[in-house]
Amino acid sequence: MTYSSIIYQGLWKSNANLVQLLGLCPLLAVTGTAINGLGLGIATLLTVLTSNFIISLTRNLIPQEVRLPIFVLIIASIVTAVEMFIKAYYYDLYLILGIFIPLIVTNCFVIGRAEAFASKHRVDYALLDGLMMGLGSTLVLVLLGGFRELVGYGTLFSQAELLFGAAAQNLTFIVIEDYRGFLLAILPPGAFIGLGLLVALKNWLDHKLAKTAQFSLSSQIEGHEQFS
Amino acid sequence: MLIQKMLHSAGMLTLSALLGGGLVAFSFEVTDQQIQANQRAALLRGLNEILPAERYDNDLFTDLSYVQNQTLLGTEKPVIVYRARKAGHPVAAILTPSAPDGYNGEIRLLVGINYQGQLEGVRIVSHQETPGLGDWIELRRSKWILNFKDRSLQNPLSNQWLVKRDGGIFDQFTGATITPRAVVKAVKNSLLFFQSYRDQIFK
Ligand SMILES: Cc1cc2nc3c(=O)[nH]c(=O)nc-3n(C[C@H](O)[C@H](O)[C@H](O)COP(=O)(O)O)c2cc1C
Numbered sequence: 000m001t002y003s004s005i006i007y008q009g010l011w012k013s014n015a016n017l018v019q020l021l022g023l024c025p026l027l028a029v030t031g032t033a034i035n036g037l038g039l040g041i042a043t044l045l046t047v048l049t050s051n052f053i054i055s056l057t058r059n060l061i062p063q064e065v066r067l068p069i070f071v072l073i074i075a076s077i078v079t080a081v082e083m084f085i086k087a088y089y090y091d092l093y094l095i096l097g098i099f100i101p102l103i104v105t106n107c108f109v110i111g112r113a114e115a116f117a118s119k120h121r122v123d124y125a126l127l128d129g130l131m132m133g134l135g136s137t138l139v140l141v142l143l144g145g146f147r148e149l150v151g152y153g154t155l156f157s158q159a160e161l162l163f164g165a166a167a168q169n170l171t172f173i174v175i176e177d178y179r180g181f182l183l184a185i186l187p188p189g190a191f192i193g194l195g196l197l198v199a200l201k202n203w204l205d206h207k208l209a210k211t212a213q214f215s216l217s218s219q220i221e222g223h224e225q226f227s
Numbered sequence: 000m001l002i003q004k005m006l007h008s009a010g011m012l013t014l015s016a017l018l019g020g021g022l023v024a025f026s027f028e029v030t031d032q033q034i035q036a037n038q039r040a041a042l043l044r045g046l047n048e049i050l051p052a053e054r055y056d057n058d059l060f061t062d063l064s065y066v067q068n069q070t071l072l073g074t075e076k077p078v079i080v081y082r083a084r085k086a087g088h089p090v091a092a093i094l095t096p097s098a099p100d101g102y103n104g105e106i107r108l109l110v111g112i113n114y115q116g117q118l119e120g121v122r123i124v125s126h127q128e129t130p131g132l133g134d135w136i137e138l139r140r141s142k143w144i145l146n147f148k149d150r151s152l153q154n155p156l157s158n159q160w161l162v163k164r165d166g167g168i169f170d171q172f173t174g175a176t177i178t179p180r181a182v183v184k185a186v187k188n189s190l191l192f193f194q195s196y197r198d199q200i201f202k
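Listed in order, the protein sequences are those of chains A and B. Per numbering that gives the first Met the number 0, the first sequence runs over residues 0 to 227. Per numbering that gives the first Met the number 0, the second sequence runs over residues 0 to 202.
And the structure:
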């Protein structure tokens, strides 16, 4: 186990949303805009980070037989606390993400990390895993939200003030002037199509990377043969 | 042995329940006041968009009453009426009716009507209409909702309180007539309600 392999797993190889396809419910529901995606991403990141930390810390105390109810308890408490803090300090964002924050409890990716990783590894590894898995998920949420917002509304980062305060009001890019909107991208099917495209893009990149790796490997072997 | 194991598991479960409960209680303690303040501020911001704060001098949150009228206010539940007064004289009422016949469930509104029966303004509180089709009623998407300001039951006349497609004066949206039709009807009904019950409201 190395730090770099955890980073690679979280951001790319086992990306929660692109590879494991976990947590689709909130993913599909809130990614209407980039900022909404970012908001839910940050909330999820905070949750998985804290839950990994607590579960890794207590991993030797938790009896094997009751670990699942305990994980659920821990995660549900964290999400409730996160929800309250968002409601207290980012109220406008709460009004948009509202019902999707409690859904993080049922986001199987959080309990998945608890079960598959945090309960078996050191605290520093677990923290890094939570951070990277959360970041990997946030990236996908923002990409998908940005894509749908661009195609659906013709803007990017609208309502950034919900997250970053009034100063961010002019962060909105109106990419296409007088855009009439493309409904499909905003409605739920748009989320499925967008996610499908992202998954395809990742697979294509992986395929290409594997090909170049293979190529350099085989040319290395050929080189050896020539020498011998 | 078994008993011991059971007790251990139960003990650990209880302990985590206590810790989880503690975390939630602590967060509640820290955030509760702020959350309540936020909710009030958000509501007041909505009310003041319709009726600027300098127009009245009473506290809207204490000077309110409940009215009930399913035909005109769109819900069988009691509906809040905020009463704005200045120096004791009635200025305007802000009703919180619902439009029950939106495309997808009820649309909740704030409807401000001054004492003379003119609209001070209308805002959407919540709705589940289709994004991109029905959500043009929201101010952040279009200015359509501002078109109600200063209108009354005389402006336009009663038979013109309809969307254009039905022979009235209010714009519908391309491909979405149901949502604006529901809102126009609910606003008109609020005016009718106010006309009939104004004096009871301000009593
Ligand atoms: C998926 C879908 C969602 C719709 N959402 C709305 C809506 O939110 N509000 C609305 O007025 N019409 C909505 N419509 C359109 C209505 O079904 C109806 O066709 C339209 O309001 C009638 O407008 P028209 O009389 O101008 O043709 C939707 C249609 C579909 C297929």
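Glycine residues also receive a C-beta, built at the ideal position from the N, C-alpha and C atoms.
**Asked** What residues in the segment 63-86 of chain A bring their beta carbon closer than 8 Å to a beta carbon of chain B?
**Response** Using a CB distance below 8 Å, the part of the segment 63-86 of chain A facing chain B consists of E64, V65, P68, I69, L72, I73, A75, S76, I77, T79, A80, M83, F84 and K86, ordered along the chain.
**Item:** Close beta carbons around B:I79, own chain, < 7 Å, minus the five adjacent residues each side
**Value:** Within the same chain, Cβ atoms closer than 7 Å to the Cβ of B:I79 are found at L63, Y65 and T95, the five residues on either side in sequence being excluded.
**Message:** Does B:P77 come out as helix, strand or coil in the three-state DSSP assignment?
**Reply:** Residue state, collapsed to three classes: coil.
**Message:** Given the structure, does B:A98 come close to ligand 1, in the sense that its CB is under 7 Å from one of the ligand's heavy atoms?
**Reply:** It does not: the Cβ of B:A98 is nowhere closer than 7 Å to a heavy atom of ligand 1.
**Prompt:** Taking only beta-carbon atoms, is A:L60 less than 8 Å away from chain B?
**Reply:** Answer yes: the Cβ-Cβ gap between A:L60 and chain B drops below 8 Å somewhere.
**Prompt:** Mapping DSSP to helix, strand and coil, what is A:A167?
**Reply:** The answer is helix: DSSP assigns A:A167 an H, G or I state.
**Item:** chain B within 8 Å of A:G22, Cβ atoms only
**Value:** Contact of A:G22 with chain B is not assigned, every C-beta pair being separated by 8 Å or more.
**Item:** Euclidean distance between Cα positions of B:K142 and B:G45
**Value:** One Cα belongs to B:K142, the other to B:G45, and the distance between them is close to 16 Å.
**Message:** With a threshold of 8 Å between beta carbons, is A:L39 in contact with chain B?
**Reply:** Interface residue (Cβ-Cβ distance to chain B less than 8 Å): A:L39 is not classified as such.
**Asked** Going by alpha carbons, who is nearest to B:T61 out of B:L72, B:L43, B:P77 and B:T74?
**Response** Closest option to B:T61, Cα to Cα, is B:L43.
**Message:** By the DSSP assignment, the alpha helix (DSSP H) with A:V139 in it spans what residues?
**Reply:** The continuous alpha helix (DSSP H) containing A:V139 extends over residues V122 to Y152.
**Request:** Mark B:E53 as exposed unless 16 or more other C-beta atoms lie within 10 angstroms of its C-beta, in which case mark it buried.
**Result:** Around the C-beta of B:E53, fewer than 16 other C-beta atoms lie within 10 Å, and the residue is accordingly described as exposed.
**Message:** With H, G and I counted as helix, E and B as strand and the rest as coil, what does DSSP make of A:G193?
**Reply:** In the structure shown, A:G193 sits in a helix (DSSP, three-state: H, G or I).
**Request:** Just tell me which of A:I5, A:K12 and A:V78 has its CA closest to the CA of A:H206.
**Result:** When only C-alpha atoms are compared, the closest one is A:K12.
**Prompt:** Which of helix, strand or coil does DSSP assign to B:R150?
**Reply:** It is coil, neither helix nor strand.
**Request:** Would you check if the segment 169-182 of chain B and the segment 128-136 of chain B touch, i.e. whether three or more CB-CB distances between them fall below 8 Å?
**Result:** Under the 8 Å Cβ criterion, the segment 128-136 of chain B counts as touching the segment 169-182 of chain B, having at least three qualifying pairs.
**Request:** Identify the contact partners of B:Q124 in chain A, using a Cβ-Cβ distance below 8 Å as the criterion.
**Result:** Residue identity differs from the one stated: residue 124 of chain B is Val in this sequence, not Gln. Chain-order list of chain A residues neighbouring B:V124: empty, with the shortest C-beta distance near 11 Å, by a criterion of under 8 Å.
**Prompt:** Which word fits B:T70, buried or exposed, when buried means at least 16 other C-beta atoms lie within 10 angstroms of its C-beta?
**Reply:** Residue environment analysis places B:T70 among the exposed positions, since fewer than 16 neighbouring C-beta atoms fall within 10 angstroms of its C-beta.
**Message:** On the CB-based measure, 16 or more other CB atoms within 10 Å of its CB, does A:S118 come out buried or exposed?
**Reply:** A:S118 is buried by the Cβ-count criterion.
**N-terminal and C-terminal residue of the beta strand (DSSP E) that B:G120 is part of** = B:G120 -> beta strand (DSSP E) spans L118 to S125.
**Request:** Return the chain-ordered list of same chain residues with a C-beta closer than 7 Å to the C-beta of A:G133, the five sequence neighbours on each side being excluded.
**Result:** Excluding sequence neighbours, A:G133 sits near T43, L44, V47 and L48.
**Prompt:** Can you name, in chain order, every residue of its own chain whose Cβ lies under 7 Å from the Cβ of A:V109, other than the five neighbours on each side?
**Reply:** Cβ within range, chain order: T46, V47, S50, I74 and I103.
**Request:** For A:Y90, return the contacting residues in chain B, with the cut-off set at a CB-CB distance below 7 Å.
**Result:** Under the 7 Å cutoff, chain B gives N37 and A41.
**Prompt:** Run through DSSP, which three-state label would B:V66 get?
**Reply:** B:V66: strand per DSSP, three-state reduction.
**Request:** Let me have the residue list for ligand 2: C-beta closer than 5 Å to any non-hydrogen atom, ordered along the chain.
**Result:** This structure lacks ligand 2; its bound ligands are ligand 1.
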